[in-house]
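Residues in the sequence shown are numbered from 298 upward in steps of one, following my numbering. No residue lacks a Cβ here, since even glycine has one placed at the ideal position from N, Cα and C. Encoded as structure tokens, the structure appears first; notes follow it.
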Amino acid sequence: MGLHRYYVPQALSPGKIFLPPEEAHHALRVRRESVGDRCVLFDGLGNEAPAIIVSTTKRDCEIEIESIRFAPRDLPGSFTLGVSLPKGDRLRAVVEKAVELGVHELVPLLTERSVKIPTDNSIEKLQRFVIEACKQCERNRLMEIKPPIDFDTWLGRAAENAAEKNALTEPSFRIIAHPDLAEHRTTMKQFLVSNAAIQPHHGFAAIGPEGGFTDDEVLKAVNSKWKVIDLGSRILRVETAVASLATIAAVLFDDKQNTFPPIIIAGKPQ
Ligand code: SAH
Numbered sequence: 298m299g300l301h302r303y304y305v306p307q308a309l310s311p312g313k314i315f316l317p318p319e320e321a322h323h324a325l326r327v328r329r330e331s332v333g334d335r336c337v338l339f340d341g342l343g344n345e346a347p348a349i350i351v352s353t354t355k356r357d358c359e360i361e362i363e364s365i366r367f368a369p370r371d372l373p374g375s376f377t378l379g380v381s382l383p384k385g386d387r388l389r390a391v392v393e394k395a396v397e398l399g400v401h402e403l404v405p406l407l408t409e410r411s412v413k414i415p416t417d418n419s420i421e422k423l424q425r426f427v428i429e430a431c432k433q434c435e436r437n438r439l440m441e442i443k444p445p446i447d448f449d450t451w452l453g454r455a456a457e458n459a460a461e462k463n464a465l466t467e468p469s470f471r472i473i474a475h476p477d478l479a480e481h482r483t484t485m486k487q488f489l490v491s492n493a494a495i496q497p498h499h500g501f502a503a504i505g506p507e508g509g510f511t512d513d514e515v516l517k518a519v520n521s522k523w524k525v526i527d528l529g530s531r532i533l534r535v536e537t538a539v540a541s542l543a544t545i546a547a548v549l550f551d552d553k554q555n556t557f558p559p560i561i562i563a564g565k566p567q
């Protein structure tokens, strides 16, 4: 706990390893690490390794791994969040909240009122935010950023996925946040109470742009068996709605730290 964490984009294996350039820069110039300092490496695939810095040059930082354990710390199950992304700093907040709350996949949605189509450049920036958030919250499996997709197409994909999984008798949930259409809406409490007994293996949730989903878009989702969720009496910013929906998912998945104890796959236990 409390050790600096560095990301290496390859499966961790016993032995020595050089940090990639960006991480080495961070370790040497920002954190001012030196030989003998301890840190934790993570590979984004769910593994982390307590490690010690064994040599440094101006640019390189070589680290020896002491042991490796599998501790992904994302939600147990699979949770996909579709969001019509906001701009600027708030984009970072969306990624941070989603990573911290264990979301597996973030899908940028193109809806009727979306203001901005994410470019390759902004997707790359999102990936950088994912790594930063994983460092901070001790998550070891990266959240995946999917290519932007048209809302209607995505509804179709979610339906296919649910049909496939249901064939294996795996329960799922699909929720869309919308403050209007009172006749279709359910409150958070109603939804959680009526789903208290399910043990979902996967779930989908959708959040609209600042201008909201159109009623037409929401009705399409309703026709594809999505539940419309009311997140309370106030209108939330997109990043706040992300946190609320991801928390609902965490309750349904019954997220708790000790569900999957760390497995030591090399070296001595710490
Ligand atoms: N003016 C828009 C509000 C958009 S807020 C409207 O009236 O629809 C951005 C997104 O956050 C919404 O599309 C919705 O998905 C979610 N959201 C914000 N506040 C909400 C609430 N109280 N209930 C349900 N969803 C909400």
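| Check | Outcome |
| --- | --- |
| Length-filtered (4 minimum) alpha helix (DSSP H) runs lying within the region 466 to 547 | 485 to 491 and 512 to 520 |
| Any alpha helix (DSSP H) of 4 or more consecutive residues that is wholly inside the region 423 to 464 | 448 to 464 |
| Exposure of G299, with buried meaning 16 or more beta-carbon neighbours within 10 Å | exposed |
| Where the beta strand (DSSP E) through P405 begins and ends | E402 to L407 |
| Alpha carbon of G453 to alpha carbon of P444, nearest angstrom | 16 angstroms |
| For I569: DSSP bridge partner residues | No information on residue 569 is available, as it lies outside the stretch 298 to 567 that the chain covers here. |
| Integer-rounded CB distance, given that N437 should sit under 8 angstroms from F339 | 4 angstroms |
| Delimiting residues of the alpha helix (DSSP H) encompassing R387 | D386 to E397 |
| Same chain only: Cβ atoms within 7 angstroms of P317, ignoring 5 sequence neighbours per side | V305 and P306 |
| Distance cut-off 7 angstroms: G379 Cβ against heavy atoms of the ligand SAH | no |
| Inter-residue CB distance, L398 and A543 (contact presumed, cutoff 8 angstroms) | 4 angstroms |
| Beta-carbon contacts of E361 that lie in its chain and below 7 angstroms, excluding the five residues immediately before and after | K313, A348, I349 and V351 |
| Assumed close pair E610, E402 - CB separation to whole angstroms, cut-off 8 angstroms | Only positions 298 to 567 of the chain appear in this structure, which leaves residue 610 out of reach. |
| Burial state of D371 (16 or more Cβ within 10 Å) | buried |
| Residue closest to K355, alpha-carbon to alpha-carbon, out of R410, A395 and V332 | V332 |
| As assigned by DSSP and simplified to three states, the class of L309 | coil |
| DSSP state of E319 mapped onto helix, strand, coil | helix |
| Classification of V391 by the beta-carbon crowding that lies within 10 angstroms, buried from 16 upward | buried |
| Status (buried if at least 16 other CB within 10 Å, exposed otherwise) for E319 | exposed |
| Where E421 falls: helix, strand or coil (DSSP) | helix |
| Helix, strand or coil at R335 according to DSSP, with G and I counted as helix | strand |
| Local Cβ density within 10 Å of D552, reported as buried at 16 or more and exposed below that | buried |
| Check: D477 C-beta below 7 angstroms from any heavy atom of the ligand SAH | yes |
| Residue nearest to V327 in terms of C-alpha spacing, selected from V380, G374 and R302 | R302 |
| Under the three-state DSSP convention, the category Q567 falls into | In this predicted model, Q567 has a pLDDT of only 49, less than 50, meaning its place in the structure is not dependable; the value taken from the coordinates is given anyway. It is coil, neither helix nor strand. |
| Reduced DSSP category for R366 - H, G, I as helix; E, B as strand; rest coil | strand |
| Cβ pair V515, I473 closer than 8 angstroms | yes |
| Proximal residues to A308 (C-beta, below 8 angstroms), its chain only, five neighbours per side dropped | D340, L342 and N344 |
| C-beta contact flag for A405 and L378 at 8 angstroms | Position check: residue 405 holds Pro in this sequence, whereas Ala was assumed. In this structure, L378 does not lie closer than 8 angstroms to P405 by Cβ. |
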